[in-house]
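Enquirer: What follows is a structure written as structure tokens; I'll ask about it next.
Chains as they are written, first to last, in full-length UniProt numbering: chain A, 1 to 436; chain B, 1 to 436.
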């Protein structure tokens with residue numbers, strides 16, 4: 001398997017570079033910007049996720065002999081471009097919203113300053129990472145709200161591409177989930193992993209009782225027993241009989257949960273298992289979780305809906321050329337007029353305006369070459385991510401993932417109450433462009 | 001980067017194995033089955049995709065020192081299980097629907113025969129691959145139908161996780177797309193790649209005319225020019241002025257396509273560019289493509305909707321333990337009763353019944369230890385994929401991908417007309433279990 005990420009790229013990025021080299025325009029100094037024109041699903045805010053992962057992938061974005069040979073064999077680009085690719089590593093600057101930051105329509109989430117060729121070549125990879133990871137984080141953050149403080153675990157690996165699953169576990173964790181079922185996500189990003197047994201384990205054994213006994217023998221009485229393979233109430237009875245009232249938890253993976261959870265709680269209490277927790281895992285999304293707010297659920301396991309963005313599987317971010325350096329050193333704004341896809345050119349400096357009580361009330365995007373200082377009521381949103389080709393190490397790996405999770409908690413705590421409504425509607429705060 | 005796929009696994013697969021080893025049940029001879037209870041999106045049929053990819057990932061499913069150390073450090077399983085994992089490679093049998101085959105609710109797409117431990121450990125990976133790849137193929141095959149023979153290209157890499165994007169390109173190709181924008185998919189799976197230029201290329205240059213000239217200088221007049229950066233009709237005029245009436249194609253990526261395409265066709269014809277083709281790429285899905293059936297479109301580029309399964313981003317396949325070998329050597333059917341998730345136990349042999357004219361009219365699933373011979377009116381659906389741990393090579397790599405694409409064309413050609421309706425409804429043919 002190849003470890004270079006360089007061919008995770010749309011062919012047209014390379015053919016554009018090829019033509020631009022021939023024309024002498026490939027080395028123009030440019031600004032590219034990642035933003036979303038809208039929040040898919042008419043949500044109230046988004047959560048930026050994927051940035052740390054993207055930085056690592058940019059580090060590995062190199063054209064080795066295998067990549068060059070394939071491009072040569074397939075006549076994708078000419079010799080001059082092949083030579084340039086052989087020497088490619090990103091040497092420009094990237095700044096943007098810190099991972100875990102909340103965002104709104106037109107928030108300039110990532111800005112890339114580099115030559116045209118050096119910047120445009122990262123478009124596909126940057127969007128793949130940010131669109132998927134942020135789609136998951138956008139869904140996950142709503143589930144965290146709906147869970148009103150109860151812990152959530154991500155267990156949707158089987159409903160996502162096997163590598164997407166690892167990214168999804170990370171994005172959900174950044175958005176406030178507490179654990180994942182995915183072992184690779186544990187290894188790669190330091191995320192706590194969880195899980196005990198599936199229906200297959202019960203079916204394998206001669207009886208539910210034998211299966212429970214086998215699990216308890218190995219994992220102890222603090223484990224979680226899955227009680228709905230045959231009959232839930234009989235399963236609960238067997239579970240407590242085998243494990244005793246010290247059983248850690250039971251898991252429900254089917255049925256009409258609001259009713260069932262209440263019945264099972266009463267049954268557990270009547271059996272003296274007042275400390276045994278109830279975790280539920282049956283096709284949950286933010287709405288199903290909200291419906292269970294008044295039920296005695298202790299924790300949630302979420303699968304399909306979180307890894308597929310709960311109806312919005314891509315965050316609709318785009319990567320646009322927004323400025324080109326003029327001869328006098330100033331940025332010349334660039335924007336297209338395409339119907340429904342117009343963009344706003346120029347260099348931008350985003351700020352979040354906060355009320356005296358620290359509540360966000362406006363996304364302010366200053367347009368102009370000179371970045372203004374943040375006013376007292378503003379929080380500056382850009383952080384440097386890559387400076388002259390050097391990646392900011394603190395955003396990488398498990399430490400970077402943990403930092404993003406912390407930052408998301410802080411950023412979300414600034415949001416007005418309206419941001420947490422699950423219904424469709426406008427962004428929680430308006431985005432305002434402040435021109436030069 | 002680690003190349004082992006072994007930790008693309010839910011933690012509970014390993015804890016189940018750990019408990020089963022302690023109980024002495026891990027070595028029970030078992031049958032696991034992959035199937036979907038329903039076709040998400042109320043579609044009429046599905047297309048199996050991912051099988052060839054899964055076989056390669058199973059080949060790489062080995063626990064090296066890095067994986068074992070992480071499991072040890074995190075106390076996931078005990079010593080006996082670690083020793084067993086160190087020696088793990090799949091030594092059992094896998095058979096199933098040939099990749100590219102169409103499927104219906106409860107079609108047993110994949111069957112795994114192995115010890116409990118050896119089979120259950122593949123659950124997460126198998127479902128990740130089959131659920132995502134088939135979700136893409138399920139959407140793509142409908143787009144192919146809607147395109148009434150016009151070529152389709154997949155260009156959604158930026159709207160999917162970077163590795164999912166490669167898998168999506170492959171699944172769309174199997175389902176009948178002709179090319180992809182994704183270079184890695186070209187390298188890894190031999191899929192034709194396509195693409196010329198984006199809006200950024202036009203914006204980079206002093207004028208649209210200069211951009212077009214630069215592209216033509218490098219890529220020739222048979223290239224595709226993107227004409228909607230500023231004003232479409234002016235863009236078309238400029239394109240033909242610069243390229244001449246021999247221009248290969250123009251691309252439209254915005255606007256109200258049915259109207260615009262007709263106008264642009266007339267404009268091209270009036271400029272003498274009667275051979276210049278029109279390709280459209282603006283947020284297409286199967287319904288938008290169908291709407292363009294009467295418009296003079298020559299080809300389609302599809303992004304977001306194909307890589308996200310057009311509303312159904314996971315195929316809802318499950319991996320269930322369906323039988324355990326009894327002491328007399330017969331299969332003991334196993335099934336759970338969980339509400340809404342009941343399964344049907346036993347070994348199964350699937351056949352597709354065809355009319356005298358070769359039209360599919362029933363999915364017949366024979367339950368029983370002895371696989372029946374196909375009747376004259378039946379086509380047997382299972383093929384061996386792994387025999388005693390040895391993978392069938394012909395399903396791997398670019399050759400396997402091409403074979404799957406051919407098989408999909410054949411399988412789809414057997415379907416009744418009702419299968420091609422885009423509206424929601426029942427499966428095109430009923431699935432019938434024939435018991436023993």
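No residue lacks a Cβ here, since even glycine has one placed at the ideal position from N, Cα and C. Predicted, not measured: the structure shown is a model, and the values here were computed from it.
Between residue 341 of chain B and residue 33 of chain B, is the Cβ-Cβ spacing less than 8 Å?
Expert: Taking 8 Å as the Cβ cut-off, residue 341 of chain B and residue 33 of chain B do not qualify as a contacting pair.
Enquirer: Check the Cβ of residue 62 of chain B against every Cβ in chain A and list those closer than 9 Å, keeping chain order.
Expert: In chain order: nothing, as chain A lies at least about 13 Å away.
Enquirer: Going by CA-CA distance only, name the one from B:274, B:155, B:304, B:261 that's closest to residue 449 of chain B.
Expert: Outside the modelled stretch of chain B, which goes from 1 to 436, sits residue 449 of chain B, for which no answer is possible.
Enquirer: Nearest to residue 36 of chain B by CA position, among B:250, B:108, B:129, is which residue?
Expert: Of the listed residues, the one whose Cα sits closest to residue 36 of chain B is B:108.
Enquirer: Pull the bridge partners of residue 182 of chain B from the DSSP assignment, please.
Expert: Answer is A:10.
Enquirer: Of the residues that make up the region 332-348 of chain B, which ones have a beta carbon closer than 8 Å to any beta carbon in chain D?
Expert: No chain D appears in the structure shown, which is made up of the protein chains A and B.
Enquirer: For residue 300 of chain B and residue 279 of chain B, what's the separation of their Cα atoms in angstroms?
Expert: If you take the alpha carbons of residue 300 of chain B and residue 279 of chain B, they lie about 6 Å apart.
Enquirer: I'd like to check one pair, residue 115 of chain B with residue 28 of chain B: are the Cβ atoms closer than 8 Å?
Expert: In this structure, residue 115 of chain B lies closer than 8 Å to residue 28 of chain B by Cβ.
Enquirer: Compare the C-alpha of residue 270 of chain A against each of A:244, A:253, A:295, A:425 and name the closest.
Expert: Residue A:244 is the option with its Cα nearest to residue 270 of chain A.
Enquirer: Run the CB neighbour count on residue 10 of chain A, radius 10 Å, all protein chains shown included, and call it buried at 16 or more, exposed below.
Expert: Buried, by the Cβ-count rule.
Enquirer: Quick check: the Cα distance between residue 131 of chain A and residue 52 of chain A, rounded to an integer number of angstroms?
Expert: Looking at the two C-alpha atoms, the distance is approximately 14 Å.
Enquirer: Show which residues of chain A have a CB atom less than 7 Å away from the CB atom of residue 218 of chain B.
Expert: The answer, in chain order, is 18, 19, 22.
Enquirer: Hey, does residue 194 of chain A have any beta-carbon neighbour from chain B nearer than 8 Å?
Expert: Yes, its Cβ sits closer than 8 Å to a Cβ of chain B.
Enquirer: Sort out for me which residues DSSP pairs residue 380 of chain A with in a bridge.
Expert: Paired residues: A:351.
Enquirer: Quick one: which chain A residues come within Cβ less than 7 Å of residue 187 of chain B?
Expert: Residues of chain A passing the Cβ test: 7, 70.
Enquirer: Identify the residues that DSSP records as bridge partners of residue 249 of chain A: which are they?
Expert: For residue 249 of chain A, which the question treats as bridged, DSSP gives the partners A:224, A:277.
Enquirer: Relative to chain A, which residues along the region 132-165 of chain B have a C-beta separation below 7 Å, given in chain order?
Expert: Cβ contacts with chain A: 132, 155, 157, 158, 159, 160, 161, 162, 163, 164, 165.
Enquirer: Output needed for residue 6 of chain A: all residues of its chain with C-beta closer than 7 Å, excluding positions within five of it in sequence on either side, in chain order.
Expert: The residues are 61, 62, 63, 67.
Enquirer: Who are the neighbours of residue 302 of chain B on chain A, taking C-beta pairs under 7 Å?
Expert: Within chain A, no residue comes near residue 302 of chain B; the closest Cβ sits about 13 Å away, beyond 7 Å.
Enquirer: Just checking my contact of residue 178 of chain B with residue 152 of chain B at CB under 8 Å: how many whole Å lie between their CB atoms?
Expert: Going by Cβ atoms, the distance from residue 178 of chain B to residue 152 of chain B rounds to 6 Å, so yes, they are a contact pair.
Enquirer: Within a Cβ cutoff of 8 Å, which residues of the same chain sit near residue 193 of chain B, ignoring the five residues on either side of it in sequence?
Expert: Excluding residues within five positions, the ones whose Cβ falls inside 8 Å are 179, 180, 181, 182, 183, 185, 186.
Enquirer: List the residues of chain A whose Cβ lies closer than 7 Å to the Cβ of residue 313 of chain B, in chain order.
Expert: The answer, in chain order, is 308, 313.
Enquirer: Is the CB of residue 279 of chain B under 8 Å away from at least one CB in chain A?
Expert: Not closer than 8 Å to any Cβ of chain A, the Cβ of residue 279 of chain B fails to qualify, so no.
Enquirer: Can you give the Cα-Cα distance for residue 401 of chain A and residue 97 of chain A, rounded to whole angstroms?
Expert: When rounded, the distance between both Cα atoms is 14 Å.
Enquirer: At the level of alpha carbons, what is the spacing between residue 412 of chain A and residue 101 of chain A?
Expert: So the alpha carbons of these two residues sit roughly 8 Å apart.
Enquirer: Looking at residue 170 of chain B: is its Cβ nearer than 8 Å to the Cβ of residue 105 of chain B?
Expert: No. Outside cutoff.
Enquirer: Which term fits residue 433 of chain B, buried or exposed, when burial requires 16 or more other beta carbons within 10 angstroms of its beta carbon?
Expert: Exposed.
Enquirer: Quick check on residue 96 of chain B: does DSSP put it in helix, strand or coil?
Expert: In this structure, residue 96 of chain B counts as strand in the three-state DSSP scheme.
Enquirer: Quick check on this structure: which residue in B:146, B:133, B:247, B:160 has the alpha carbon closest to the alpha carbon of residue 173 of chain B?
Expert: Cα-wise, what sits closest to residue 173 of chain B is B:133.
Enquirer: Which term fits residue 256 of chain A, buried or exposed, when burial requires 16 or more other beta carbons within 10 angstroms of its beta carbon?
Expert: Label assigned to residue 256 of chain A: exposed.
Enquirer: Rounded to the nearest angstrom, how far is the Cβ of residue 95 of chain A from that of residue 21 of chain A, given a contact under 8 Å?
Expert: With 8 Å as the limit, residue 95 of chain A and residue 21 of chain A do not qualify as a contact, their Cβ atoms being about 27 Å apart.
Enquirer: Can you give me the start and stop residues for the alpha helix (DSSP H) that residue 159 of chain B sits inside?
Expert: Taken as a continuous stretch (DSSP letters only), residue 159 of chain B belongs to no alpha helix (DSSP H), as it is neither H nor E.
Enquirer: Who pairs with residue 113 of chain A in a beta bridge, going by DSSP?
Expert: According to DSSP, residue 113 of chain A bridges with A:31, A:93.
Enquirer: Beta carbon of residue 206 of chain B, beta carbon of residue 247 of chain B: below 8 Å?
Expert: Cβ distance not < 8 Å, so residue 206 of chain B and residue 247 of chain B don't count as in contact.
Enquirer: Output, in chain order, the set of chain B residues within a Cβ distance shorter than 8 Å of residue 10 of chain A.
Expert: Going along chain B in sequence order, the residues near residue 10 of chain A (Cβ under 8 Å) are 155, 157, 158, 181, 182, 183, 195.
Enquirer: Taking only beta-carbon atoms, is residue 255 of chain B less than 8 Å away from chain A?
Expert: By this cut-off, residue 255 of chain B is an interface position.
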